[in-house]
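Chemist: Numbering (the numbering used here), first residue to last: 81 to 373.
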Ligand SMILES: [Zn+2]
């Protein structure tokens with residue numbers, strides 16, 4: 081290991097063939113492996129300067145049998161954003177052939193992304209689990225929120241036709257997030273200085289949870305979801321105890337989703353929540369511009 085100050089190492093260490101890389105045998109094992117991998121990745125930025133990822137020969141593209149092709153055997157499918165900061169194999173501490181990744185800007189469950197996930201679960205029996213991974217600071221969601229707040233204006237990102245396919249599916253979670261913020265802080269919240277970042281943060285949670293809820297009906301595998309926090313490098317859900325890396329089950333129904341979003345709205349970063357409370361406290365409920373989306 082390097083002793084140079086500031087140097088961190090991520091090592092892929094191949095085990096002997098006999099005790100090599102065991103694939104998770106269940107969805108619960110797969111989920112735990114992703115959560116533990118993310119915990120180690122997040123810790124690598126703190127005191128732990130060396131992260132060892134134990135892998136089998138497959139991690140280097142080597143087949144099980146000499147001369148044969150390497151069979152595709154991922155243990156989980158990941159549906160996430162194309163954002164370069166949220167690379168699934170890195171943030172979950174996994175290697176080549178571990179994850180079947182479907183990534184598209186804004187991770188909207190469009191026909192092609194849904195078909196890709198269905199291909200994985202129908203043709204790859206090693207896939208035990210499907211996870212939806214949103215992330216903070218998502219540029220697609222920021223554009224959708226800006227379009228929602230300033231519809232059809234000159235600066236409306238949705239006015240660019242090439243972005244419509246990315247942005248249109250995001251308006252449902254933005255609308256759900258706006259409702260959750262109004263429920264928690266009152267209708268005057270739309271006039272708060274921090275309303276825009278609050279709406280972005282809440283909509284990101286809404287989008288990941290809603291996508292997992294939708295996919296559960298379409299994909300025949302256990303499903304989980306989480307939001308990757310760019311600041312802490314942890315995948316989780318706002319309000320989770322201790323903010324440990326942890327996935328959540330998809331909301332059971334619309335009522336459960338609404339409750340989840342109210343919790344997310346109430347658990348916004350402290351400075352944002354304080355500003356929203358302050359703004360709404362000085363304005364009697366109903367005095368804000370309720371017509372503003
Ligand atoms: Zn994104």
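Glycine residues also receive a C-beta, built at the ideal position from the N, C-alpha and C atoms.
On a Cα-Cα basis, can you pick out the residue from 313, 231, 155 that is closest to residue 102?
Modeler: Closest option to residue 102, Cα to Cα, is 155.
Chemist: How many Å lie between residue 307 and residue 150 at the Cα?
Modeler: Between residue 307 and residue 150, the C-alpha separation is close to 32 Å.
Chemist: Taking only runs that begin and end inside the region 234-306, name each unbroken alpha helix (DSSP H) of 4 or more residues, in chain order.
Modeler: Entirely contained in the region 234-306, the alpha helix (DSSP H) runs reaching 4 residues are, in chain order, 244-247, 251-265, 275-298.
Chemist: What does a CB cutoff of less than 7 Å around residue 194 pick up in its chain, not counting 5 residues either side in sequence?
Modeler: Cβ within range, chain order: 298.
Chemist: In whole angstroms, give me the CA-to-CA distance for residue 190 and residue 199.
Modeler: About 14 Å.
Chemist: So residue 117 is in the alpha helix (DSSP H); what residue range does that whole segment cover?
Modeler: Per DSSP, residue 117 belongs to the alpha helix (DSSP H) from 107-123.
Chemist: Judging by CA-CA distance, which residue of 287, 337, 310 is the nearest neighbour of residue 248?
Modeler: If we check each option's Cα against that of residue 248, 287 comes out closest.
Chemist: DSSP three-state label for residue 198, please.
Modeler: The answer is helix: DSSP assigns residue 198 an H, G or I state.
Chemist: Output yes or no for whether 9 Å exceeds the beta carbon distance between residue 135 and residue 117.
Modeler: No, the Cβ-Cβ distance between residue 135 and residue 117 is not below 9 Å.
Chemist: So, for residue 161: in the same chain, excluding its five sequence neighbours on each side, which residues have a beta-carbon less than 8 Å away from its beta-carbon?
Modeler: Same-chain partners within the cutoff: 183, 184, 185, 186, 187, 213, 214, 215, 218, 220.
Chemist: Between the region 244-263 and the region 344-356, can you find at least three pairs of beta-carbon atoms closer than 8 Å?
Modeler: Yes, the region 344-356 is in contact with the region 244-263.
Chemist: Going by the CB atoms, is the gap between residue 179 and residue 104 shorter than 9 Å?
Modeler: Contact: no.
Chemist: Between residue 251 and the rest of its own chain, which residues show a CB-CB distance below 7 Å, the 5 nearest in sequence each way excluded?
Modeler: Closer than 7 Å at Cβ, skipping near neighbours: 224, 228.
Chemist: Any idea what DSSP makes of residue 175, helix, strand or coil?
Modeler: Residue 175: coil per DSSP, three-state reduction.
Chemist: Judging by CA-CA distance, which residue of 279, 278, 122, 293 is the nearest neighbour of residue 336?
Modeler: It is 293 whose Cα lies nearest to the Cα of residue 336.
Chemist: Going by beta-carbon coordinates alone, are residue 174 and residue 113 separated by less than 9 Å?
Modeler: In contact: residue 174 and residue 113 (Cβ atoms closer than 9 Å).
Chemist: When the Cα atoms are used, what is the spatial distance from residue 140 to residue 169?
Modeler: Taking the straight line from one Cα to the other gives about 14 Å.
Chemist: Taking residue 280 as the reference, which of 222, 207, 201, 166 has the closest Cα?
Modeler: Here the closest residue by C-alpha is 222.
Chemist: Let me know if residue 92 comes out buried or exposed under the rule of 16 or more other beta-carbons within 10 Å of its beta-carbon.
Modeler: Classification for residue 92: exposed.
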